[in-house]
Amino acid sequence: MKKLLVAAAALSCLPGVAFAQEEESAGNLFDGARIEARLGYETPTVSGDGDIYKIGSAVSYGAEIGFDLAVSNKVTVGPFVNYEFSGVELCDGPDCLKVKGNLAAGGRVGVELSPTTALYGKLGYASLTIEATSGATTASDSKGGVYGALGVEIAVSKNAYINVEGAYADFGDFYGTGFNLQRRQASVGFGFRF
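Next comes the structure, spelled out in structure tokens:
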């Protein structure tokens, strides 16, 4: 009789053990090295005197690599770097201003909201490359500044995920004009973890 009671008690614990193992496995969905393709819509602007002026709005596309390390069963931290090409162009006759691309690098903190969903924030450095053309003359320069982003990541399988993200960068004074240069972007990503 004692053996039967012990066996029944052991069997009643098995679903709890299986559930705990499943939970632990799900927690690992946001941990590890990752690479993602990104597609966004961006609006670089200059602001000053209480007004904001758009340089333009266009599609951006690129990639990001990063590594997320679990520091608890709900929180991950790690570095990231991404580069995105831009389609932004503003022309007045033969004179054009183009945004060639944006580089961002820094740290990312993620918080698990459910076994398949996490909220994350990014903070770091960004560099925006601008090209100016006037007739046959072309020159380009890069402006550096502060970068931040907030997003939601959803695991669609053990190794694949999608995300939605909003990002903002401030590059400071726009070539001595007294206006600040910024970049606002909304993007989606599709990535893999290794």
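Okay, so the sequence shown: first residue is 94 according to our numbering, each after it adds one.
Cβ coordinates follow ideal geometry from the N, Cα and C atoms, glycine included.
The structure presented is a predicted model; accordingly, all values stated were derived computationally and were not measured.
Counting only the Cα atoms, Ala232 lies some 34 Å from Gly214. In this structure the segment 203–211 does not touch the segment 182–190; the number of beta carbon pairs closer than 8 Å is below three.
With three or more CB-CB distances shorter than 8 Å, the segment 269–279 counts as touching the segment 124–136. Burial check for Leu221: the Cβ neighbour count within 10 Å reaches 16 or more, so the residue is buried.
Remark: C-beta atoms of Gly259 and Leu274 do not approach each other more closely than 9 Å. Residue pairing of Asp263 in beta bridges, as defined by DSSP: Val239 and Gln275. Per DSSP, Thr136 is one residue of the beta strand (DSSP E) stretching across Gly125 to Gly141. Taking 9 Å as the cut-off, the Cβ atoms of Gly155 and Ala130 count as close. The beta-carbon distance between Val192 and Ile223, rounded to whole angstroms, is 6 Å. This is short enough to meet the 8 Å contact definition.
Spanning the alpha carbons of Ser179 and Tyr254 requires a straight line of approximately 24 Å. Nearest Cα to Ser235 within the set Phe173, Ala248 and Phe264: Phe264. Counting C-beta atoms within 10 angstroms of its own C-beta, Ala197 has 16 or more neighbours from the protein chains shown and is therefore classed as buried.
Excluding sequence positions up to five before and after Gly271, its CB lies within less than 6 Å of the CB of Gly141, all in the same chain and listed in chain order.
Sorting Val139, Glu157 and Ala225 by C-alpha distance to the C-alpha of Gly200 places Glu157 at the top. With a threshold of 16 other beta carbon atoms within 10 Å, Ala219 meets it and is buried.
Here Ala262 is near Val239, since their CB atoms are less than 9 Å apart. When C-alpha distances from Ala225 are compared across Tyr268, Gly159 and Ile128, the shortest belongs to Tyr268. Excluding five sequence positions before and after Ala163, the CB atoms of its chain that fall closer than 6 Å to its own CB belong to Asp124 and Thr169, given in chain order.
In the same chain as Thr138, and ignoring 5 residues on each side of it, the C-beta atoms closer than 8 Å to its own belong to Ile145, Tyr146, Lys147, Ile148, Leu274, Gln275, Arg276 and Arg277, in chain order.
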